[in-house]
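Comments concern the structure below.
Number of protein chains: 4
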Amino acid sequence: MQVLKEEVRSAILLAAYEEFRQSGYSEASIRRIAAAAGMTSGNIYRYFRNKEDLFDAIVGPLYSEYSRYAQEYLQTAEGIVTGGWDVQARTIFFERVQATLIGLLMASGPSLLLLLCRSEGSKYESIRSELTGFVESLLTKTFSAAKAAAGPLNENERIEIGMLSATLIEGVAWIAAKYHDSERLGTLVEQLIDVFGGGVEKRLLVYRDLNG
Amino acid sequence: MQVLKEEVRSAILLAAYEEFRQSGYSEASIRRIAAAAGMTSGNIYRYFRNKEDLFDAIVGPLYSEYSRYAQEYLQTAEGIVTGGWDVQARTIFFERVQATLIGLLMASGPSLLLLLCRSEGSKYESIRSELTGFVESLLTKTFSAAKAAAGPLNENERIEIGMLSATLIEGVAWIAAKYHDSERLGTLVEQLIDVFGGGVEKRLLVYRDLNG
Amino acid sequence: MQVLKEEVRSAILLAAYEEFRQSGYSEASIRRIAAAAGMTSGNIYRYFRNKEDLFDAIVGPLYSEYSRYAQEYLQTAEGIVTGGWDVQARTIFFERVQATLIGLLMASGPSLLLLLCRSEGSKYESIRSELTGFVESLLTKTFSAAKAAAGPLNENERIEIGMLSATLIEGVAWIAAKYHDSERLGTLVEQLIDVFGGGVEKRLLVYRDLNG
Amino acid sequence: MQVLKEEVRSAILLAAYEEFRQSGYSEASIRRIAAAAGMTSGNIYRYFRNKEDLFDAIVGPLYSEYSRYAQEYLQTAEGIVTGGWDVQARTIFFERVQATLIGLLMASGPSLLLLLCRSEGSKYESIRSELTGFVESLLTKTFSAAKAAAGPLNENERIEIGMLSATLIEGVAWIAAKYHDSERLGTLVEQLIDVFGGGVEKRLLVYRDLNG
DNA sequence: GATGAATGAGCCTTCATTCAT
DNA sequence: CATGAATGAAGGCTCATTCAT
């Protein structure tokens, strides 16, 4: 049975996804992918230039989308900030972060897992810190607004924000690695952000007093 | 360029640390370590039996200490639980988790990073899930106590607890990966736990109402 | 220089045979085998899982056959013993040993050499002592029967039997190492057994006198 | 405690003997020898140029002695042959082979074991076939004399003689490998030669008839 | 289009040997 | 005299990648 090109490509991608998921980019074996896709390793190179290219084909689109998302969102956030940053604004903010992340998770399907958790050794391995930077910039706004008249953020505060952002992303990555059912994913990220939001709120009270 | 033994051993450990940090246990190359340490790969085997032994030399002591810590702590936690689990007990609990983790972090220096973040493929690779399980058991107690008469934890709640525990550990790992100054480490973990504690408190309120 | 699979496999086996013959299992070098077969060492692993598997491919079938042979033979020998062990029985016995060994030799071709003489370090390295034990048990029966009323074998006699058995097998191994033409093999083992038989007969006379 | 040179040399030789005996020439480890001799591997090279030289020091003298022995003996054998080769001469011959081998075994002490059984990979690995050639020349004389008027030996007979000689030496080697007590060694070689002698006698009868 | 044989560089590891100390 | 650190070549083996078929 002669297999059409697109079908073969899909078969490879499917097998590659599974292999990358199980072994990570570095440890993934082209041979195993080929075997799982029902062909020889050599044939994979007719469809993809090399291992990196194959990984690209799976996570690249998502990465592009993420990039667009991120940029768009940062602008929206700008708008929110401009309109003041009180408790309500903050609520909107957290709902927004939540919506964004959940949207990303649900829209991206399984490839997010690879991008976030299995990209070590590939050119995407910095994605986590990028995402972290994204959350970081939003949290920075929140803290700055809360501090208000108390002045700009000091180094300690900036470091705390960095840590919280990173941890949030690590948590999201962990969720993505463990659960693939999108409803579950949504719920968990919601809960995670809720906990973070609650905790951050509490920490911000100190500024309220200072400002009050 | 004859060097004294201890110096060479140190040079190897230094180079190995850097290599493990960059590539992780599996992908680390003995040859690269040797080159970075200014010697031939063969010479490394005069100082360490094999790759595993070399990794051991860096993270083994910390792991032992962690094991001791964990065991001790579980017993202490038991004691706390027995004495009821109200807000005060919970506060003690969180301070305790904090103290334990911070103590570990401060005692460990940079090797914690390898143990937590770069041990995949080594015999230590389960450390994160161990730590997570450890936090999980404590969080489970907290939630159970809070729920009290409302009955045992359901599946969703157990999953949420798992996620929160994992995220906490991921956050600690991230901190360990980024900062090696023990004061900074202590502060950040404190802050992280504070945020988690605050967020969890907020989430537990729903049970208080149910029980009330 | 693309070659068909079976040809390559044969080329590897041929080169491996030669290498094993010259260097023995332990000292044999996969790289040398590859070079002799006109390829890279890595390619050998497309045909054989590892060094042991390669050795297996050459001597394994023979070993299996030997195992079958040995088992069958031991049962036959049992039958002979039960029917008394006079000169005629002994003659049958020697003819039988002869037939067995010769059958094995003829069926085996050159691989017997590897199995008997070059298997040190492989899982077959005990074959000589197995074969020796096999011959030993038969010789023990012969001596015991000859001694008859003179009582059981003493330690010296048991040691002598061990030595004779071992020497017979060493002789067979030597023959296998030197000649691969099955007719020649047959003749030589026949002659060897004939000499042993004659010599043993002579030594047994002393018992005949004792028993007489 | 400063150790005198000769003592050190002896210690090395002793350790080397044990290592060669256990592992054979090829697999013997200079490091293990050094450790067993209570020193560093480097120091061995102050006493012996290299591994081969060390093996030489143990086995070389015996080899020289063997060479002298062999030559001498061949001449003696010549004398025996000249005086006819009847049953009595043959008896003398076998007693002589026996005496020679046993003398060699007993005089040589443990080093014969290395020379005969553990020299694979060294320049002495041909010793067995040399010894075989030696026995072969004697057996050739025996058979030739027995055949007498029946003409010179044909190829089959020469091959048989070669095989018998080799087997005898293989047997002696086996004995040397297994027993180190010189009395036991003597007895066993005696018995082996007795069996061979008896067997060969029997085979020679055919010529007697032909000649008669 | 696809195969799969082949390569070559790399992996961890061992070891006889050298040489600065 | 002796040490032991260091080398370099070799060991078995894996794997992404290429290319004749």
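Residue numbers (full-length UniProt numbering), protein chains in the order written: chain C, 1 to 212; chain U, 1 to 212; chain H, 1 to 212; chain R, 1 to 212.
Glycine included, each C-beta is placed from N, C-alpha and C at the ideal position.
All figures in this text were calculated on a predicted structure; none of them were measured in a lab.
### Query
Using the rule of at least 16 other Cβ atoms within 10 Å of the residue's Cβ for burial, across every protein chain shown, is R:Gln-75 buried or exposed?
Your numbering for residue 75 of chain R matches position 75 in the fourth sequence. Burial call: exposed.
### Query
Quick one: what does DSSP say U:Lys-123 is sitting in, helix, strand or coil?
Your numbering for residue 123 of chain U matches position 123 in the second sequence. If DSSP states are grouped into helix, strand and coil, U:Lys-123 belongs with coil.
### Task
Rounded to whole angstroms, what's the CA-CA distance from R:Tyr-207 to H:Glu-190? Just pull it up for me.
The residue you call residue 207 of chain R lines up with position 207 of the fourth sequence. The residue you call residue 190 of chain H lines up with position 190 of the third sequence. Roughly 18 Å between the two C-alpha positions.
### Task
Examine chain U for any beta-carbon lying closer than 8 Å to the beta-carbon of C:Gly-183, and answer yes or no.
Numbered from 1 along the first sequence, position 183 holds the residue referred to as residue 183 of chain C. Just to set this straight, residue 183 of chain C is Glu in the shown sequence, not Gly. Not one chain U Cβ lies under 8 Å of C:Glu-183.
### Query
Quick one: complete alpha helix (DSSP H) runs, 4+ long, within the segment 128–180 of chain U?
155–178
### Task
In angstroms with no decimal places, state the Cα-to-Cα distance between C:Glu-72 and U:Leu-192.
Along the first sequence, read from residue 1 onward, the residue named residue 72 of chain C stands at position 72. Along the second sequence, read from residue 1 onward, the residue named residue 192 of chain U stands at position 192. So the two alpha carbons sit approximately 29 Å from each other.
### Task
State the Cα-Cα distance for the pair H:Ser-129 and R:Ile-175, rounded to the nearest angstrom.
The residue labelled residue 129 of chain H in the question sits at position 129 within the third sequence. The residue labelled residue 175 of chain R in the question sits at position 175 within the fourth sequence. H:Ser-129 and R:Ile-175: Cα-Cα distance of roughly 14 Å.
### Query
Which whole-angstrom value describes the C-beta separation of R:Glu-120 and R:Tyr-17, a residue pair presumed to lie in contact below a C-beta threshold of 8 Å?
Taking the first residue of the fourth sequence as position 1, residue 120 of chain R is located at position 120. Taking the first residue of the fourth sequence as position 1, residue 17 of chain R is located at position 17. The pair is not a contact, with the Cβ atoms about 16 Å apart (cut-off 8 Å).
### Query
So, helix, strand or coil for H:Gly-186, using DSSP?
As a position in the third sequence, residue 186 of chain H is number 186, starting the count at 1. Correct three-state label for H:Gly-186: helix.
### Inter-stretch contact (C-beta, 8 Å, three-pair minimum) for the segment 107–127 of chain C and the segment 147–166 of chain C
no
### Members of the UniProt domain "HTH tetR-type" (6–66) of chain R that neighbour chain H once the beta carbon cut-off is set at 7 Å
Ser-26 and Glu-27
### Task
For C:Tyr-124, verify whether its CB is less than 7 Å away from any heavy atom of the ligand SAH.
In the structure shown, the ligand SAH is absent, as is every other ligand, since no ligand is present at all.
### Message
Cutting at 6 Å between CB atoms, please list the residues of its own chain near U:Thr-132, excluding the five before and the five after it.
### Response
As a working mapping, residue 132 of chain U is identified with position 132 in the second sequence. The residues are Ser-165, Ala-166 and Ile-169.
### Message
Please identify, using Cβ separations under 7 Å, the residues of the segment 169–194 of chain C that lie next to chain U, in order along the chain.
### Response
Glu-170, Gly-171, Trp-174, Ile-175, Leu-188, Gln-191, Leu-192 and Asp-194
### Message
Please list, in chain order, the chain H residues whose beta carbon lies closer than 7 Å to that of R:Ala-145.
### Response
If you number the fourth sequence from 1, residue 145 of chain R lands on position 145. Under the 7 Å cutoff, chain H gives no residues; its nearest Cβ is about 18 Å from R:Ala-145.
### Query
List, in order along the chain, the chain R residues whose C-beta lies closer than 8 Å to that of H:Val-206?
Position 206 of the third sequence holds residue 206 of chain H. Ordered by position in chain R, no residue passes the 8 Å Cβ test against H:Val-206, which lies about 11 Å from the chain.
### Query
Can you tell which of U:Ala-28, U:Arg-158 and U:Arg-68 has the C-alpha that lies nearest to the C-alpha of U:Lys-141?
Here residue 141 of chain U corresponds to residue number 141 of the second sequence, with the count starting at 1. Comparing Cα positions, the closest option is U:Arg-158.
### Task
Could you tell me whether any Cβ in chain U is nearer than 8 Å to the Cβ of C:Val-135?
Reading the first sequence from its first residue, position 135 is the one you call residue 135 of chain C. No, its Cβ sits nowhere closer than 8 Å to a Cβ of chain U.
### Query
Can you give the Cα-Cα distance for U:Met-1 and U:Asn-43, rounded to whole angstroms?
For the purposes of this step, residue 1 of chain U is taken as residue 1 along the second sequence, with counting starting at 1. For the purposes of this step, residue 43 of chain U is taken as residue 43 along the second sequence, with counting starting at 1. Caution is warranted here: a pLDDT of 47 is assigned to U:Met-1, below 50, making its placement in the model unreliable, and no coordinate value can be reported.
### Query
Under a three-way DSSP split, which group does C:Met-20 fall into?
As a working note, residue 20 of chain C is residue 20 in the first sequence. Per the sequence presented here, residue 20 of chain C reads as Phe, with Met not at that position. It is helical.
### Task
Compare the C-alpha of C:Val-172 against each of C:Ala-37, C:Asp-53, C:Gly-103 and C:Arg-32 and name the closest.
Reading the first sequence from its first residue, position 172 is the one you call residue 172 of chain C. Checked all of C:Ala-37, C:Asp-53, C:Gly-103 and C:Arg-32; the closest Cα to C:Val-172 is C:Gly-103.
#### Entry: Contact residues within the segment 155–168 of chain R, judged by C-beta distance below 9 Å to chain H
Asn-156, Ile-159, Glu-160, Gly-162, Met-163, Leu-164, Ala-166, Thr-167 and Leu-168
### Query
For R:Ser-29, which of helix, strand or coil comes out of DSSP?
Residue numbering aside, residue 29 of chain R sits at position 29 when the fourth sequence is read from its first letter. Looking at R:Ser-29 - three-state DSSP - the assignment turns out to be coil, as it is neither helix nor strand.
### Query
Out of H:Leu-112, H:Gly-60 and H:Leu-101, which has the shortest C-alpha to C-alpha gap to H:His-180?
Here residue 180 of chain H refers to the residue found at position 180 when the third sequence is read from its first residue. Out of H:Leu-112, H:Gly-60 and H:Leu-101, H:Leu-112 has the C-alpha closest to the C-alpha of H:His-180.
### Query
If U:Ala-57 sits next to U:Ala-37, beta carbons under 8 Å apart, how far is it from one beta carbon to the other, in whole angstroms?
As a working note, residue 57 of chain U is residue 57 in the second sequence. As a working note, residue 37 of chain U is residue 37 in the second sequence. Their Cβ separation, rounded to whole angstroms, is 13 Å, which puts U:Ala-57 and U:Ala-37 out of contact at 8 Å.
### Message
Which same chain residues end up closer than 8 Å to R:Pro-110 when comparing Cβ atoms and leaving out the 5 residues on each side of it in sequence?
### Response
Your numbering for residue 110 of chain R matches position 110 in the fourth sequence. Cβ neighbours of R:Pro-110 beyond the five flanking positions: Tyr-17, Arg-21 and His-180.
### Message
Applying the 10 Å Cβ sphere with the 16-neighbour rule, what's the burial state of U:Gln-98?
### Response
As a working note, residue 98 of chain U is residue 98 in the second sequence. Under this definition U:Gln-98 is a buried residue.
### Message
Between the alpha carbons of C:Lys-147 and C:Leu-54, how many angstroms are there, rounded?
### Response
The residue labelled residue 147 of chain C in the question sits at position 147 within the first sequence. The residue labelled residue 54 of chain C in the question sits at position 54 within the first sequence. Those two C-alpha atoms are separated by around 47 Å.
### Query
Leaving out the 5 sequence neighbours to the left and right, which residues in its chain are closer than 7 Å to H:Lys-202 when beta-carbon positions are compared?
Walking along the third sequence from the start, residue 202 of chain H turns up at place 202. Excluding positions up to five away in sequence, the list is empty.
### 8 Å contact criterion, which R:Gly-199 and H:Phe-143 should meet: CB distance rounded
Residue 199 of chain R sits at position 199 when you count from the first residue of the fourth sequence. Residue 143 of chain H sits at position 143 when you count from the first residue of the third sequence. Between H:Phe-143 and R:Gly-199 the Cβ distance is about 16 Å, and since that is not below 8 Å, they are no contact.
### Message
If I measure Cβ to Cβ from C:Thr-40 and keep anything under 6 Å in the same chain, skipping five residues before and after, which residues do I get?
### Response
Translated into the one-based positions of the first sequence, residue 40 of chain C becomes position 40. The residues are Ala-34.
### Cα-Cα separation, R:Leu-204 to H:Thr-91
Taking the first residue of the fourth sequence as position 1, residue 204 of chain R is located at position 204. Taking the first residue of the third sequence as position 1, residue 91 of chain H is located at position 91. Whole-angstrom Cα-Cα distance: 19 Å.
#### Entry: Closer than 8 Å to chain R by CB, H:Arg-203
As a first step, residue 203 of chain H is located in the third sequence; it is residue number 203 there, counting from the start. Cβ-Cβ to chain R under 8 Å: yes for H:Arg-203.
### Query
Under 9 Å Cβ-Cβ, which residues of chain R neighbour H:Gly-198?
Counted from its first residue, the third sequence places residue 198 of chain H at position 198. Correct list: Val-195, Gly-198, Gly-199, Val-200, Glu-201, Lys-202 and Arg-203.
### Task
Please report how far the alpha carbon of C:Ala-107 lies from the alpha carbon of C:Glu-65, in whole angstroms.
Taking the first sequence and counting its residues from 1, the one referred to as residue 107 of chain C is at position 107. Taking the first sequence and counting its residues from 1, the one referred to as residue 65 of chain C is at position 65. So the alpha carbons of these two residues sit roughly 10 Å apart.
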